[in-house]
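Quick notes on the structure that follows.
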Amino acid sequence: MSRFVCDVCGEEVAVHEGILTWTRDNNTLSNFTLSHKNTPERKCQPESNNRFKDLYTLTMINGYMEFIKYLIERWENGFKLKDKESLEKVLEQLNLHMHEKLILLTEEE
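So for the sequence shown, the numbering used here puts the first residue at 86; every next one is plus one.
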């Protein structure tokens with residue numbers, strides 16, 4: 086299965102340890118960051134980001150579609166994307182995971 090990599094420390098992120106955070110302000114979405122959740126031992130989660138979604142939720146079809154719907158609704162409401170590279174990087178990892186998940190579901194035994 087695909088691996089998730091922390092945008093902050095560069096280490097692998099287990100699905101249950103990960104979080105996607107971003108900043109939403111002044112009709113702008115920015116700084117999409119896939120990282121480890123903050124723990125006493127690890128501080129990867131950006132403090133300046135004010136929105137989040139657990140990685141575990143995003144790896145399920147419903148959670149992934151809910152996130153895409155959130156983005157579409159924000160754009161319909163006039164929000165701008167400040168740094169598209171950060172969102173693209175996150176979506177690349179999520180899309181690879183979803184693709185592999187679908188292949189596993191459709192493989193014949």
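Glycine included, each C-beta is placed from N, C-alpha and C at the ideal position.
Annotation for G163: no alpha helix (DSSP H) segment contains it, and DSSP assigns it neither H nor E.
Burial state of I104 is buried, judged by a 10 Å Cβ sphere holding 16 or more other Cβ atoms.
For N147, the three-state secondary structure derived from DSSP is helix.
Annotation for Y141: V100 and H101 place their beta carbon closer than 7 Å to its own, counting only its chain and skipping 5 residues before and after. The shortest C-alpha to C-alpha distance from D92 to any of E158, L187 and F117 is the one to F117.
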